[in-house]
Amino acid sequence: MEGIEHRVVKVNGINMHLAEKGEGPVILFIHGFPELWYSWRHQIVALSSMGYRAVAPDLRGYGDSDAPDSVASYTCFHIVGDLVELINVVAPDERKVFVVGHDWGALLAWYLCLFRPDKVKALVNLSVPFIRFNREIKPLDAWRSYYGNDYYMCRFQKPGEIEAEFAEIGTDRVEKEMLIDFPVLLPKGKLFKRPLDEPITLPCWLSEEEANYYVTKFQKTGYTGGLNYYRNLDRNWELLAPWAGCEVKTPAKFIVGDEDLVYHMPGIKDHIHGGGFKEDVPLLQEVVVMEGVGHFINMKKPDEINNHIYNFFRQFD
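Residue numbers for the sequence shown, in this note's numbering: 108 to 424.
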């Protein structure tokens, strides 16, 4: 995209690719699964024109960043460590930066604020709220008890298994299916709702050219890097025990679509609207529920999201 610069920086011994544009206070954009820096293309262009320097990396395991082989190299500590080092590289003279996260990127942004509040001025998170650490049951056991073994987080656990099923279907089909209608359940032999011989019609917010950017990158790298984040869910649960009961004390705004699969997970609505979210994030200033919008909210409603980000961050400039 015009005017967006690309470079590779060294953080924690790995090469991290990032896209950036603009001058001014830094906004760090953190993507989710199965995405790339490219998911923030609309935000990079818009916010850079509003007086900010937009920086969007490919997280470790994704796109043009390095992908360590070991599953254990994808814990929340590894990824947040990458982000802290990246902030030091791109904003050496700024004590804090603004942060925007979506999906896994939102979860990691909450952890960044929890571990290193000295690095974040303010946060806008999309899709995934800060969720209390339930010390009674491991995450995968909880999801399995509610959804069964076909739940996508459970199906992602065994290294190589879901990758082989994805390979059989083909990256083009897999990526488009997940971006258009991310599945909650992935039963073997019928991963997606549509028959595989049924043509895919892309929605108005995703062009063939845009979809092909993702397809080309994941055809090159495969999905293992991104899947390894899920393979550390229980390991993260163990590592995060010291932070149980801790609050996120960063000024924050949260935005979710009313059709987002995360919004409909057990207990999430009550947590967001029943007081628990605000209790855990005391500087949470606003929760926005956008009607008629699903998971990939920053691509589906870019203008609205851009305005939400700008209007929130400008009060902290």
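We put the beta carbon where it would ideally sit given N, CA and C, even for glycine.
Quick check on DSSP: helix, strand or coil for residue i?
i, result
"Ala126", "strand"
"Ala249", "helix"
"Ile194", "helix"
"Ala163", "strand"
"Ile121", "strand"
"Leu347", "coil"
"Ala174", "coil"
"Ser156", "coil"
"Tyr169", "coil"
"Phe325", "helix"
"Tyr145", "helix"
"Asn453", "Outside the displayed span of the chain (108 to 424) sits residue 453, for which this structure offers no information."
"Phe184", "helix"
"Pro482", "Only positions 108 to 424 of the chain appear in the structure, and residue 482 is not among them; the question remains open."
Say yes only if the C-beta of residue i is nearer than 7 angstroms to one or more non-hydrogen atoms of the ligand NAD, and no if none qualify.
i, result
"Val369", "The ligand NAD is absent from the structure shown, which contains no ligands of any kind."
Who does residue i pair with in a DSSP beta bridge?
i, result
"Val206", "Leu135 and Leu230"
"Ser113", "Rather than Ser, the amino acid found at residue 113 in this sequence is His. DSSP lists Ala126 as partners of His113."
Looking at the C-beta of residue i, does it have a partner C-beta in chain D at a distance below 8 angstroms?
i, result
"Arg338", "In summary, chain D is missing from the structure at hand, where a single protein chain is found."
Should residue i go down as buried or exposed, given a rule of 16 or more other Cβ atoms within 10 Å for buried?
i, result
"Leu346", "exposed"
"Asn232", "buried"
"Gly129", "buried"
"Trp350", "exposed"
"His402", "buried"
"Glu142", "buried"
"Glu435", "Examination of residue 435 is not possible in this model, given that the chain is present from 108 through 424 alone."
"Phe263", "buried"
"Met108", "exposed"
"Lys360", "buried"
"Gly110", "exposed"
"Ala431", "Since the first and last residues shown for the chain are 108 and 424, residue 431 lies out of range."
Just list the alpha helix (DSSP H) runs in the segment 352 to 423, keeping only unbroken ones of 4 residues or longer that don't cross its boundaries, in chain order. Runs of the alpha helix (DSSP H) lying entirely within the segment 352 to 423, each at least 4 residues long, are 375 to 380, 383 to 387, 404 to 407 and 409 to 420 in chain order.
Across the segment 365 to 374 and the segment 332 to 342, are there enough close Cβ pairs to call them in contact, namely three or more that are closer than 8 angstroms? Segments in contact, no.
Can at least three beta-carbon pairs, one atom from the segment 188 to 207 and one from the segment 121 to 133, be found at a separation below 8 angstroms? Three or more Cβ pairs closer than 8 angstroms define a contact, and the segment 188 to 207 meets that threshold against the segment 121 to 133.
Are the segment 244 to 259 and the segment 288 to 301 touching, with three or more C-beta to C-beta distances below 8 angstroms? Yes, since at least three Cβ pairs between the segment 244 to 259 and the segment 288 to 301 fall closer than 8 angstroms, the two stretches touch.
Between the segment 130 to 142 and the segment 201 to 215, do at least 3 Cβ pairs fall closer than 8 angstroms? Verdict: yes, contact present.
Threshold first: 3 residues or longer. Then list the beta strand (DSSP E) segments lying entirely within the segment 243 to 323, N to C. None, since the segment 243 to 323 contains no complete beta strand (DSSP E) of that length.
Under 8 angstroms, with one C-beta from each stretch per pair, do the segment 150 to 159 and the segment 303 to 316 reach the 3-pair mark? With a cut-off of 8 angstroms, the segment 303 to 316 and the segment 150 to 159 do not count as touching, because too few Cβ pairs lie within range.
Whether or not the segment 368 to 387 and the segment 403 to 412 are in contact is what I'm after, with contact meaning three or more pairs of Cβ atoms, one per stretch, closer than 8 angstroms; do they touch? Contact fails: fewer than three Cβ-Cβ distances are below 8 angstroms.
Counting Cβ pairs closer than 8 angstroms, one from the segment 234 to 254 and one from the segment 175 to 193, do we hit at least three? The segment 234 to 254 makes no contact with the segment 175 to 193, as fewer than three CB pairs between them are under 8 angstroms.
Does the structure place the segment 296 to 304 close enough to the segment 324 to 335 that three or more beta carbon pairs sit under 8 angstroms? No contact exists between the segment 324 to 335 and the segment 296 to 304.
On the three-pair Cβ rule with 8 angstroms, is the segment 381 to 394 touching the segment 244 to 255? Verdict: no, contact absent.
Taking 8 angstroms as the cut-off, does the segment 211 to 227 touch the segment 315 to 327 (at least 3 CB pairs, one atom from each stretch)? Verdict: no, contact absent.
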